[in-house]
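Working notes for the structure below.
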Amino acid sequence: MAALVLLRAGLMRPRGAQMALLGRTLLRRPAALAAVADRSVPARQSHSPPQQGHGTSKAASLHWTGERAVSVLLLGLLPAAYLYPGPAVDYSLAAALTLHGHW
9 MAALVLLRAG LMRPRGAQMA LLGRTLLRRP AALAAVADRS VPARQSHSPP
59 QQGHGTSKAA SLHWTGERAV SVLLLGLLPA AYLYPGPAVD YSLAAALTLH
109 GHW
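Here the working numbering is used: the first residue of the sequence shown is 9, the next is one more, and so on.
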């Protein structure tokens with residue numbers, strides 16, 4: 009990065025030598041390209057209605073609600089597995105831990 013800055017400033021070339029590859033014209037951004045880039049960036053639309061398909065789905069909210077429910081279930085299953093060992097608690101704990109790890 010520092011070498012590029014020095015090259016652009018012309019400090020690494022001998023005095024009187026012309027820069028063949030990094031001349032001033034190659035380092036500048038063409039005006040036509042700058043104009044196209046400015047037009048392609050849409051203006052911020054903070055006060056407009058949401059676009060179709062954006063912000064209308066509740067899937068993420070339902071996903072995290074389910075994850076919170078599994079976390080609360082695990083808080084109860086961990087002591088239950090210690091106090092009441094058995095196949096039902098073991099299978100329930102295995103299923104809850106698998107879901108919790110997957111999400």
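Built from N, CA and C at the ideal position, the CB exists for glycine as well.
Distance between residue j and residue i (C-alpha atoms, nearest Å)
i, j, result
"Asp199", "Ala89", "The first residue shown for the chain is 9 and the last is 111, placing residue 199 beyond what the model contains."
"Leu81", "Ala104", "8 Å"
"Ala102", "His108", "10 Å"
"Leu86", "Ser79", "11 Å"
"Ser100", "Arg76", "16 Å"
"Thr73", "Ser65", "14 Å"
Per-residue burial, residue i [other beta carbons within 10 Å of its own, 16 or more giving buried]
i, result
"Leu83", "exposed"
Under the three-state DSSP convention, the category residue i falls into
i, result
"Pro141", "With the chain represented from 9 up to 111, any question about residue 141 goes unanswered, as that position is not in the structure."
"Tyr92", "coil"
"Met100", "The amino acid at residue 100 is misidentified as Met; the sequence shows Ser. DSSP places Ser100 in helix when its eight states are reduced to three."
"Trp111", "coil"
"Ser65", "coil"
Residue i: CB within 6 Å of a non-hydrogen atom of the ligand MG
i, result
"His108", "Ligands are entirely absent from the displayed structure, and the ligand MG is therefore not among its contents."
* Asked: How do the region 94-108 and the region 64-72 stand: do at least 3 beta-carbon pairs fall below 8 Å, yes or no?
  -> These segments do not touch.
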